[in-house]
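S.K.:
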Amino acid sequence: MNHALKREAMALEIKELLKELTDAPGISGYEMDAGQVAMKHLKEYSDEVEIDKLGSVIALKRGEQTNEKRYKILLAAHLDEIGLMVIKIEDGGFIRITSVGGIDVTILPGQSVTILGKEMIKGVVGAKPPHLQEPGESGKLIAMDDLYIDTGRTKEELADIVNVGTLVRIESEFIELNGGCVSARAMDDRAGIAVMVETLRRLKERRHDWDVYAIATAQEEVGGIGARTTAFTLQPDIAIAIDVTFGDGPGIPERRAYPLGKGPAIGLGPNFHPKITQRFRDLAGEYEMPNQLDASPYPGGTDAYSLQVSRAGIPAGLISIPLRNMHSTVETLKLDDVKRCAELLSIFIARLDSKFQEELKCL
Amino acid sequence: MLIEKLSNASGVSGNEKEIRQTIKDEVTPLVDEVTTDSMGNLFATKKGGDNSLKVMLSAHIDEVGLFVDQVEGSGFVRFKKIGGIDDRVLLSKKVLIGENKTPGVIGLKPVHLGGGSAVIGSDDLFIDVGASAKDDKLAKVGDTAVFATKFEQSGDILRGKAFDDRAGCAVLIELLKGSYPFTIVGVFTVQEELGLRGATIAAYNIHPDFAFALEGTTAGDTPMKRDVSPSTNLCGGPAITVMDRSFISDKRLVKLLEDTAKKENIPYQFKRTITGGTDSGAIHLSRGGVPSVTISVPVRYIHSPVGLMNINDLNNAILLMSKALQRIPEIEEMS
Numbered sequence: 604m605n606h607a608l609k610r611e612a613m614a615l616e617i618k619e620l621l622k623e624l625t626d627a628p629g630i631s632g633y634e635m636d637a638g639q640v641a642m643k644h645l646k647e648y649s650d651e652v653e654i655d656k657l658g659s660v661i662a663l664k665r666g667e668q669t670n671e672k673r674y675k676i677l678l679a680a681h682l683d684e685i686g687l688m689v690i691k692i693e694d695g696g697f698i699r700i701t702s703v704g705g706i707d708v709t710i711l712p713g714q715s716v717t718i719l720g721k722e723m724i725k726g727v728v729g730a731k732p733p734h735l736q737e738p739g740e741s742g743k744l745i746a747m748d749d750l751y752i753d754t755g756r757t758k759e760e761l762a763d764i765v766n767v768g769t770l771v772r773i774e775s776e777f778i779e780l781n782g783g784c785v786s787a788r789a790m791d792d793r794a795g796i797a798v799m800v801e802t803l804r805r806l807k808e809r810r811h812d813w814d815v816y817a818i819a820t821a822q823e824e825v826g827g828i829g830a831r832t833t834a835f836t837l838q839p840d841i842a843i844a845i846d847v848t849f850g851d852g853p854g855i856p857e858r859r860a861y862p863l864g865k866g867p868a869i870g871l872g873p874n875f876h877p878k879i880t881q882r883f884r885d886l887a888g889e890y891e892m893p894n895q896l897d898a899s900p901y902p903g904g905t906d907a908y909s910l911q912v913s914r915a916g917i918p919a920g921l922i923s924i925p926l927r928n929m930h931s932t933v934e935t936l937k938l939d940d941v942k943r944c945a946e947l948l949s950i951f952i953a954r955l956d957s958k959f960q961e962e963l964k965c966l
Numbered sequence: 009m010l011i012e013k014l015s016n017a018s019g020v021s022g023n024e025k026e027i028r029q030t031i032k033d034e035v036t037p038l039v040d041e042v043t044t045d046s047m048g049n050l051f052a053t054k055k056g057g058d059n060s061l062k063v064m065l066s067a068h069i070d071e072v073g074l075f076v077d078q079v080e081g082s083g084f085v086r087f088k089k090i091g092g093i094d095d096r097v098l099l100s101k102k103v104l105i106g107e108n109k110t111p112g113v114i115g116l117k118p119v120h121l122g123g124g125s126a127v128i129g130s131d132d133l134f135i136d137v138g139a140s141a142k143d144d145k146l147a148k149v150g151d152t153a154v155f156a157t158k159f160e161q162s163g164d165i166l167r168g169k170a171f172d173d174r175a176g177c178a179v180l181i182e183l184l185k186g187s188y189p190f191t192i193v194g195v196f197t198v199q200e201e202l203g204l205r206g207a208t209i210a211a212y213n214i215h216p217d218f219a220f221a222l223e224g225t226t227a228g229d230t231p232m233k234r235d236v237s238p239s240t241n242l243c244g245g246p247a248i249t250v251m252d253r254s255f256i257s258d259k260r261l262v263k264l265l266e267d268t269a270k271k272e273n274i275p276y277q278f279k280r281t282i283t284g285g286t287d288s289g290a291i292h293l294s295r296g297g298v299p300s301v302t303i304s305v306p307v308r309y310i311h312s313p314v315g316l317m318n319i320n321d322l323n324n325a326i327l328l329m330s331k332a333l334q335r336i337p338e339i340e341e342m343s
């Protein structure tokens with residue numbers, strides 16, 4: 604197989620993987636379905652896989668180190684996605700909702716949804732047609748309190764199926780755009796999980812000494828919960844979060860935007876160990892891989908936030924995939940960026956040794 | 009399923025080619041003659057009876073959508089709206105652009121960067137097709153775009169785009185399967201959403217004795233801030249318009265529909281808002297005037313990416329119209 608063909612086959616694989624991962628529901632706290640999909644794929648390239656008490660999926664791929672002390676690197680990409688929750692079922696069957704995670708309310712009117720009740724029920728978020736609006740109404744923001752889901756069923760018909768507390772997934776089918784871009788809901792952060800799967804796959808062909816724990820973490824969107832508990836349990840020597848960052852586009856300030864197709868965005872700032880940041884930069888340079896610096900003075904926004912301060916502290920790093928329309932139903936990224944993140948991570952892991960571990964002590 | 013095929017087809021006002029072809033394929037076996045005119049109205053004529061009586065049934069084939077008015081050097085597509093679309097339903101929706109049906113997404117500023125804090129007007133929105141440069145094959149000025157919504161059915165509940173007025177188109181196609189003691193001209197009109205323009209020339213051309221506009225109209229039986237009588241109710245049966253912004257219905261035709269519904273025990277309702285216009289607004293003013301009425305299938309969330317309707321309302325509209333049409337000669341005799 605020539606290189607171009609091989610590249611194409613791989614792109615197809617990652618695309619299929621992303622589709623499967625984003626199709627599965629996994630709202631924070633209820634990640635089971637997405638977890639099963641993540642588990643299936645992580646299993647293929649690892650030695651052990653388990654699901655922990657809070658729903659994080661933990662895959663271990665052993666390294667070839669023979670020393671008494673086994674070094675560990677933890678990779679964390681979060682499994683959960685933002686969604687909605689039922690708070691009231693009104694007469695007429697109209698369902699009032701609240702958000703789970705940082706939902707942008709303005710994307711909701713006219714959106715298709717699935718209510719994850721005792722059975723899956725499709726519905727739409729009602730959008731009053733212009734014909735029935737008061738003058739000036741279309742210029743006003745619609746608050747979450749004024750939104751509702753309409754399934755076309757009556758309150759009585761919903762009674763045994765939907766309850767207060769039932770979760771609701773915002774629907775949006777995975778689609779392929781042009782230029783190697785794909786768009787779906789929950790790319791944040793199933794794309795990170797795809798990077799982990801692809802990283803493990805590449806490590807099959809690349810010798811690595813350290814043990815690699817690839818974790819699809821639960822409940823990131825509600826405070827980095829899964830990363831916090833798994834890091835405590837595993838006590839890794841290095842932890843790398845894999846998440847998404849703001850892609851470029853109209854209206855996005857250039858200094859906050861990481862253009863699609865320009866490679867992994869490497870985390871820089873107080874949340875990250877400077878030597879890890881530097882190592883990523885050096886390796887990307889050495890392999891002539893496009894990359895960008897995602898500089899932030901504030902810790903937070905990803906699993907790296909809780910990883911860094913687990914137990915007595917873990918040197919942490921962050922690799923991000925540029926993503927347009929974050930926290931929407933059309934989260935859009937470029938497949939090339941996903942592949943490059945995996946390539947950079949697999950090189951990083953293959954190069955880990957005890958010397959690098961010593962360097963992290965900030966002596 | 010007919011309504012599924014109709015709902016999924018593209019046909020933004022001024023660019024109704026695809027939906028016209030879909031409907032043409034459906035009606036050709038049902039009628040005596042199929043013709044088109046200069047704007048793209050599709051006429052399906054079914055002769056009947058030995059009289060000169062001619063009844064026009066109209067349903068508009070166009071749907072609201074987007075019109076590409078600029079493609080930026082960076083590949084992002086800017087657009088204007090065609091028809092009454094609330095800017096607030098556009099964010100984070102998928103669309104299909106032009107004849108190639110290029111998939112695109114309407115992008116937004118993430119909530120983390122200050123998005124969601126104000127209503128964004130459509131002039132400031134953009135479609136992302138994944139291109140990094142202008143490419144005519146993907147999108148070009150003048151292309152139209154539809155919401156990329158696929159029709160779905162759960163029991164009696166139907167969800168999809170463009171039920172305004174593919175619901176009316178479905179009713180009309182079903183009616184063309186019947187036989188009537190007079191000539192029926194079914195007109196699938198264009199550009200209704202731009203001011204009833206197709207119906208204007210179609211009515212002149214046909215010069216009918218009576219006209220029925222078949223519609224998918226607003227169902228307002230949803231949570232409202234003020235306690236108002238809903239425009240129409242879902243599951244309330246077909247809605248008869250007495251008056252809207254564009255016309256006052258012919259009272260004999262209103263009575264015909266109401267009497268027929270009562271006699272045949274078919275659920276029906278009157279439309280309780282007078283907003284919105286329908287093809288009747290143009291038809292009743294044609295030449296020296298045409299007695300007209302509008303009858304509609306109630307649809308929640310028209311002009312948005314996804315509407316919701318009940319199949320019983322659709323079937324009852326077909327039933328009521330087919331029964332009422334048989335009684336048209338009675339009116340003719342009365343006048």
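As they're listed, the protein sequences go chains S and B. All the letters of the first sequence, read from the start, carry residue numbers 604 to 966 under this note's numbering. All the letters of the second sequence, read from the start, carry residue numbers 9 to 343 under this note's numbering. Here a beta-carbon is modelled for each residue, glycine too, at the ideal position from N, C-alpha and C.
Please check the pair B/L180 and B/A17, which I expect to be a contact at CB under 8 Å, by giving their CB distance rounded to whole angstroms.
M.R.: Actually they are not in contact, since the Cβ atoms of B/L180 and B/A17 sit about 15 Å apart, beyond 8 Å.
S.K.: Pull out every residue of the region 93-111 of chain B whose Cβ sits closer than 9 Å to any Cβ of chain S, in chain order.
M.R.: Residues I93, D94, D95, R96, V97, L98, L99, S100, K101, K102, T110 and P111.
S.K.: Cβ closer than 8 Å: which chain B residues qualify as neighbours of S/I843?
M.R.: Ordered by position in chain B, no residue passes the 8 Å Cβ test against S/I843, which lies about 21 Å from the chain.
S.K.: Rounded to the nearest angstrom, how far is the Cβ of S/G696 from that of S/K758, given a contact under 8 Å?
M.R.: The pair is a contact, with the Cβ atoms about 5 Å apart (cut-off 8 Å).
S.K.: Using alpha carbons as the reference points, say which of B/I31, B/I90 and B/L146 lies closest to S/G782.
M.R.: The shortest Cα separation from S/G782 among B/I31, B/I90 and B/L146 belongs to B/L146.
S.K.: Reducing DSSP to helix, strand and coil, say where B/H215 ends up.
M.R.: In this structure, B/H215 counts as coil in the three-state DSSP scheme.
S.K.: Considering only the beta carbon of each residue, do S/R859 and S/F849 sit closer than 7 Å?
M.R.: It is a contact, given that the beta carbons lie within the stated cut-off.
S.K.: Any chance the region 51-58 of chain B sits against the region 156-168 of chain B, with 3 or more Cβ pairs inside 8 Å?
M.R.: The region 51-58 of chain B, when compared against the region 156-168 of chain B, does not touch it at the 8 Å Cβ threshold.
S.K.: Does DSSP put B/P111 in a helix, a strand or coil?
M.R.: Of the three classes helix, strand and coil, the one that applies to B/P111 here is strand, per DSSP.
S.K.: Work out the CA separation of B/G224 and B/V298 for me, nearest whole Å.
M.R.: Going from the Cα of B/V298 to the Cα of B/G224 covers about 22 Å.
S.K.: Terminal residues of the continuous alpha helix (DSSP H) containing B/I319?
M.R.: Element bounds for B/I319: I319 to Q334.
S.K.: In chain order, what residues of the same chain have a beta carbon less than 8 Å from the beta carbon of B/S187, not counting five sequence neighbours either side?
M.R.: For B/S187, where only same-chain residues beyond five positions count, the Cβ hits under 8 Å are K54 and G56.
S.K.: Locate the beta strand (DSSP E) running through S/S909, then write down its first and last residues.
M.R.: Per DSSP, S/S909 belongs to no beta strand (DSSP E); it is in the alpha helix (DSSP H), A907 to Q911.
S.K.: I'd like to know whether the C-beta of S/G782 is nearer than 7 Å to at least one C-beta of chain B.
M.R.: Answer yes: the Cβ-Cβ gap between S/G782 and chain B drops below 7 Å somewhere.
S.K.: Nearest-angstrom Cα distance between S/I724 and S/I718?
M.R.: So the alpha carbons of these two residues sit roughly 5 Å apart.
S.K.: Output the distance between the C-alpha atoms of B/N320 and S/Y751, rounded to the nearest integer angstrom.
M.R.: So the two alpha carbons sit approximately 24 Å from each other.
S.K.: Using 10 angstroms around the beta-carbon of S/S775, count the other beta-carbons present and answer buried if the total reaches 16, otherwise exposed.
M.R.: Label assigned to S/S775: buried.
S.K.: Does S/Q736 come out as helix, strand or coil in the three-state DSSP assignment?
M.R.: Three-state result, S/Q736: coil.
S.K.: Under DSSP, the alpha helix (DSSP H) around S/G829 begins and ends at which residues?
M.R.: Start and end: I828 to L837.
S.K.: Taking the Cβ atom as the reference point for each residue, do S/Q895 and S/A919 lie within a distance shorter than 7 Å?
M.R.: In this structure, S/A919 does not lie closer than 7 Å to S/Q895 by Cβ.
S.K.: Report the residue from B/C177, B/R167 and B/M64 whose alpha carbon sits nearest the alpha carbon of B/L14.
M.R.: For the residues B/C177, B/R167 and B/M64, the minimum Cα distance to B/L14 belongs to B/C177.
S.K.: Anything in chain B within Cβ reach of S/Y751, meaning under 9 Å, just list it in chain order.
M.R.: What S/Y751 touches in chain B: T230 and P231.
S.K.: When Cβ atoms are compared, which residues of the region 629-655 of chain S fall closer than 8 Å to chain B?
M.R.: Listed by position along the chain: nothing, the set is empty.
S.K.: Within this structure, are the beta carbons of S/E934 and S/D791 separated by less than 7 Å?
M.R.: Their beta carbons are under 7 Å apart, which means S/E934 touches S/D791 by this criterion.
S.K.: Between which two residues does the beta strand (DSSP E) holding B/G168 run?
M.R.: I165 to G168 is the span of the beta strand (DSSP E), which, as asked, contains B/G168.
S.K.: Residues of chain B with CB under 7 Å from S/I700, in chain order?
M.R.: Per Cβ cutoff of 7 Å: no residues; S/I700 is ~12 Å from chain B at best.
S.K.: Going by C-alpha distance, which of S/F959, S/I700 and S/I922 is nearest S/A794?
M.R.: For S/A794, the nearest C-alpha among the options comes from S/I922.
S.K.: Relative to the C-alpha of B/V1, which candidate in B/M251, B/I209, B/A221 and B/T152 has its C-alpha closest?
M.R.: Residue 1 of chain B is absent from the structure shown; chain B starts at 9 and stops at 343.
S.K.: Show which residues of chain S have a CB atom less than 7 Å away from the CB atom of B/A139.
M.R.: Simply N781 and G782.
S.K.: Cα separation between S/D655 and S/M642?
M.R.: Taking the straight line joining both Cα atoms gives about 12 Å.
S.K.: Tell me the rounded alpha-carbon separation between B/D173 and B/E71.
M.R.: Each residue's alpha carbon lies about 7 Å from the other.
S.K.: Within 10 angstroms of its Cβ, does S/D650 collect 16 or more other Cβ (buried), or is it exposed?
M.R.: The residue is exposed, with fewer than 16 neighbouring Cβ atoms inside 10 Å.
S.K.: Under 7 Å between the Cβ atoms of S/D683 and S/E634?
M.R.: It is a contact, given that the beta carbons lie within the stated cut-off.
S.K.: Closer than 8 Å, Cβ to any Cβ of chain B: which residues of the region 709-736 of chain S, in chain order?
M.R.: From the region 709-736 of chain S, only T709, I710, P712, G713, Q714, S715, I724, K725, V727, G729, A730, K731, P732, P733, H734, L735 and Q736 have a Cβ closer than 8 Å to chain B.
S.K.: Answer yes or no: does any C-beta atom of chain B fall closer than 7 Å to that of S/R859?
M.R.: Taking Cβ atoms only, chain B reaches closer than 7 Å to S/R859, which makes this a yes.
S.K.: Given a cut-off of 7 Å on the beta-carbon distance, is the pair B/V305 and B/V262 in contact?
M.R.: No, the Cβ-Cβ distance between B/V305 and B/V262 is not below 7 Å.
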